[in-house]
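Participant:
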Amino acid sequence: MEKIVSLCKRRGFVFQSSEIYGGLNGCWDYGPLGTELKRNLKDFWWRRMVRERDDVVGMDGSILMNRQVWIASGHEATFSDPMVDCRTCKARLRADQLPEKNGRKRCSVCGGFDLTEPRAFNLMFKTYVGATEDESALTYLRPETAQAIFVQFKNVLEVSRKKLPFGIAQIGKAFRNEINPRNFTFRSREFEQMELEYFCRPEQGAELLEYWLQERLKFYADIGISSELLHVHKIPAEECAHYSKGTYDIEFAFPFGIQELEGVAYRTDYDLKQHQNVSGKPLDYFDEETKQRFIPHVVEPSAGVDRTTLALICGAYAEEEVTDEKGKVETRTVLRFHPRVAPIKCGVFPLLKNNEKLVQKAREIVELLRAQMMVFYDESGAIGRRYRRQDEAGTPFGVTVDFDTIGENGPANEETVTIRERDSMKQQRIAISELKSYLSDKIA
Ligand code: GAP
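When you read off a place in the sequence shown, starting at 1, and then add 1, the result is the number in my numbering.
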């Protein structure tokens, strides 16, 4: 994990938030490569979950919502973790994550046993809306994106004219004042979620829970996460939330342990019912076939953007021994991202930077490709070094413009380039006229 964290900083995937002021615990900034990776992940989720389906529409809710939302959802009363204080070192710790010695819980910082009784600590960040800082102006930064979907259910239903079953999807920021943010970006205080609320008839819920679990596993395969690193954990009925009729956790084998990436939960009609009761506004559905009015049930696949980004990086990281053209063995660090999510799709390299024709042709290729994909032009250093730099950034393809390309070795290979594939390191020649469609197919 240390190597991955250091690579993330060195190559500009992730930085500590407010670093020059000592940081802010649980908050992270994404650098140029991390931002592209995260954006590609979100775009592909949106494509799979919304654009490629007839039965899902999108929305984009506000982060600040009326406090009543959080009262109705139960978050104000119960969205808490048990917390203890260590009287010896004053650390504040999650009571359910303490190490034990001889059956006794101890402080994970100093090892002491002098701990307070656990008490509930609400994870929502409080804020005040408007000029007065009193109870009447109090609300919270949303701890999940889902509630905006529930409270807009009726509006979206009306404008989209969808029939059950159908879903509403959203990607956005969520905030939780985690007691112990840890494991790099895995448990943060500010993070992003990708959530789908899929509304259905009560009798469809159990089957749709299984359906969505399978769909989500397919999604992870399609972004290049190996099934060997994924685990499905069925939450035992007694550990599920009281309103849930079944929950699966999709987990990933991080270097720090097997941890949750996504929850797929059958939440019944709990949320819509709560909002209908507290707001007094009907949130039901009229079935034109059966002429029945009822509150739909919902199945919710809820994934973390930051956790999945971290899983992509951890799953892609590899070190391998390679022999260079002079016979020297060296260690190559490579991020084997699926081309679909890779931050940069193609590096473009003129063989020599002081040859005007090579540089000009390489620049033309950049212009040719950049409307379709993220490309990176690099003319500095030996070509092998340039390949290595892109291997470490996870760039799946490298295009080199050489003397054949500009016709200096005869007409046979004029207007062709070599294309190097990151994982196999194999190179082949390809006509420049075919380059765009060749690469576009690979990254689709
Ligand atoms: N609407 C349901 C919901 O929010 P959750 O299991 O609390 O369920 C869903 O959160 C997903 O959000 C998690 O599986 C995880 O990927 C992500 N997530 C939750 N808390 C997080 C945190 N503190 N840091 C990063 N990601 C988090």
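Every residue gets a Cβ at the ideal spot worked out from N, C-alpha and C, and that includes glycine.
Quick test of the definition: if touching needs 3 or more C-beta pairs under 8 Å, does the region 86-101 touch the region 49-63?
Facilitator: Touching, no.
Participant: At 3 residues or longer, what runs of the beta strand (DSSP E) sit wholly inside the region 333-373?
Facilitator: As far as the region 333-373 is concerned, its whole beta strand (DSSP E) runs of at least 3 residues are 347-351.
Participant: Check this for me: beta carbons of Leu146 and Gly173, under 8 Å apart or not?
Facilitator: In the sequence shown, residue 146 corresponds to position 145, counting from 1. In the sequence shown, residue 173 corresponds to position 172, counting from 1. In the sequence as presented, Leu is not what sits at residue 146; that position holds Thr. Yes, the pair counts as a contact, with Cβ atoms nearer than the cut-off.
Participant: Can Glu452 and Arg268 be called in contact, C-beta distance under 8 Å?
Facilitator: In this structure the chain extends from 2 to 445, so residue 452 is not present and cannot be described.
Participant: Regarding Glu380 and ligand 1, is the C-beta to nearest heavy atom distance less than 7 Å?
Facilitator: To locate residue 380, count along the sequence shown from 1; it is residue 379. Because no heavy atom of ligand 1 lies under 7 Å away, the Cβ of Glu380 does not count as near it: no.
Participant: Please identify the residue among Val57, Tyr22 and Phe151 whose C-alpha is closest to the C-alpha of His298.
Facilitator: The residue you call residue 298 lines up with position 297 of the sequence shown. The residue with the shortest Cα to Cα distance from His298 is Phe151.
Participant: Could you check which residue in Lys443, Ala413 and Arg40 has the C-alpha nearest to that of Ile420?
Facilitator: As a working mapping, residue 420 is identified with position 419 in the sequence shown. The candidate whose alpha carbon is nearest that of Ile420 is Lys443.
Participant: Residues bridged to Tyr249 by DSSP?
Facilitator: Numbered from 1 along the sequence shown, position 248 holds the residue referred to as residue 249. DSSP, once it has assigned bridges, lists Lys235 and Val265 as partnering Tyr249.
Participant: Mind the definition here: the region 33-45 touches the region 331-351 only if three or more C-beta pairs lie below 8 Å; say whether that holds.
Facilitator: Judged by Cβ distances under 8 Å, the region 33-45 makes contact with the region 331-351, as three or more pairs qualify.
Participant: Using the beta-carbon count (16 or more within 10 Å), is Tyr439 buried or exposed?
Facilitator: Here residue 439 refers to the residue found at position 438 when the sequence shown is read from its first residue. Exposed: under 16 other Cβ atoms inside 10 Å.
Participant: Quick one: is Pro182 buried, meaning 16 or more other Cβ sit within 10 Å of its Cβ, or exposed?
Facilitator: As a first step, residue 182 is located in the sequence shown; it is residue number 181 there, counting from the start. By the 10 Å Cβ count, Pro182 comes out buried.
Participant: According to DSSP, which residues form a beta bridge with Gly258?
Facilitator: Position 257 of the sequence shown, counted from the first residue, corresponds to residue 258. DSSP lists Phe255 as partners of Gly258.
Participant: Is Gly316 near Leu230, with beta carbons less than 8 Å apart?
Facilitator: As a first step, residue 316 must be located in the sequence shown, where it is residue number 315. As a first step, residue 230 must be located in the sequence shown, where it is residue number 229. Yes, the pair counts as a contact, with Cβ atoms nearer than the cut-off.
Participant: Going by CA-CA distance only, name the one from Lys346, Tyr318, Leu210 and Thr309 that's closest to Lys437.
Facilitator: Working through the sequence shown from its first residue, we reach residue 437 at position 436. Per the Cα distances, Lys346.
Participant: Spatial neighbours of Gly399 within its chain, please: C-beta separation below 6 Å, excluding the five flanking residues on both sides.
Facilitator: Position 398 of the sequence shown holds residue 399. Result list for Gly399: Gly348, Tyr388, Gln391 and Arg421, in chain order.
Participant: Using the three-state DSSP reduction, which class does Cys315 fall into: helix, strand or coil?
Facilitator: The count along the sequence shown starts at 1 and reaches residue 315 at position 314. The answer is helix: DSSP assigns Cys315 an H, G or I state.
Participant: If I measure Cβ to Cβ from Gly408 and keep anything under 6 Å in the same chain, skipping five residues before and after, which residues do I get?
Facilitator: The sequence position of residue 408 within the sequence shown is 407, counting from 1. Closer than 6 Å at Cβ, skipping near neighbours: Glu415.
Participant: Suppose you measure from the CA of Asp250 to the CA of Gln215; what does that come to, to the nearest Å?
Facilitator: The residue you call residue 250 lines up with position 249 of the sequence shown. The residue you call residue 215 lines up with position 214 of the sequence shown. Spanning the two alpha carbons is a distance of roughly 12 Å.
Participant: Which partner residues of Asp403 appear in the DSSP bridge assignment?
Facilitator: In the sequence shown, the residue the question calls residue 403 occupies position 402. Asp403 pairs with nothing; no bridge assigned.
Participant: Do Met375 and Glu37 come within 8 Å of each other at the CB atom, strictly closer than that value?
Facilitator: What you label residue 37 is simply residue 36 of the sequence shown in a count that begins at 1. What you label residue 375 is simply residue 374 of the sequence shown in a count that begins at 1. Yes, the pair counts as a contact, with Cβ atoms nearer than the cut-off.
Participant: By the three-class DSSP mapping on this structure, what secondary structure does Phe200 have?
Facilitator: For the purposes of this step, residue 200 is identified with residue 199 of the sequence shown, where counting begins at 1. The answer is strand: DSSP assigns Phe200 an E or B state.
Participant: Three or more C-beta pairs under 8 Å: does that hold for the region 129-139 against the region 106-118?
Facilitator: No, because fewer than three Cβ pairs between the region 129-139 and the region 106-118 fall closer than 8 Å, the two stretches do not touch.
Participant: Under a three-way DSSP split, which group does Val110 fall into?
Facilitator: The residue given as residue 110 occupies position 109 in the sequence shown. Looking at Val110 - three-state DSSP - the assignment turns out to be coil, as it is neither helix nor strand.
Participant: By the three-class DSSP mapping on this structure, what secondary structure does Met50 have?
Facilitator: Along the sequence shown, one-based indexing puts residue 50 at 49. Three-state result, Met50: helix.
Participant: Taking the alpha helix (DSSP H) that Arg1 belongs to, which residues open and close that run?
Facilitator: Outside the displayed range of the chain (2 to 445) lies residue 1, so it cannot be described from this structure.
Participant: Quick one, which of Asp61, Ser227 and Gln194 has its alpha-carbon nearest Phe154's?
Facilitator: For the purposes of this step, residue 154 is identified with residue 153 of the sequence shown, where counting begins at 1. With distances taken between Cα atoms, Phe154 lies closest to Asp61.
Participant: Roughly how many angstroms lie between the CA atoms of Ser161 and Leu197, to the nearest whole one?
Facilitator: Looking up residue 161 in the sequence shown gives position 160. Looking up residue 197 in the sequence shown gives position 196. Taking the straight line joining both Cα atoms gives about 16 Å.
Participant: Is there contact here, the region 260-280 with the region 233-250, by at least three beta-carbon pairs under 8 Å?
Facilitator: Yes, since at least three Cβ pairs between the region 260-280 and the region 233-250 fall closer than 8 Å, the two stretches touch.
Participant: Less than 8 Å between C-beta atoms, sequence neighbours within five positions excluded: which residues of the same chain meet that for Gly57?
Facilitator: For the purposes of this step, residue 57 is taken as residue 56 along the sequence shown, with counting starting at 1. The residue asked about is misnamed: residue 57 is Val in this sequence, not Gly. Within the same chain, Val57 has close Cβ partners Met50, Val51, Phe167, Gly168, Ile169, Ala170, Leu197 and Tyr199.
Participant: DSSP three-state label for Gln153, please.
Facilitator: Taking the sequence shown and counting its residues from 1, one reaches residue 153 at position 152. Note: Gln153 maps to coil in three-state DSSP.
Participant: Taking only heavy atoms of ligand 3 into account, decide whether any of them is closer than 7 Å to the Cβ of Arg217.
Facilitator: You won't find ligand 3 in this model; what it holds is ligand 1.
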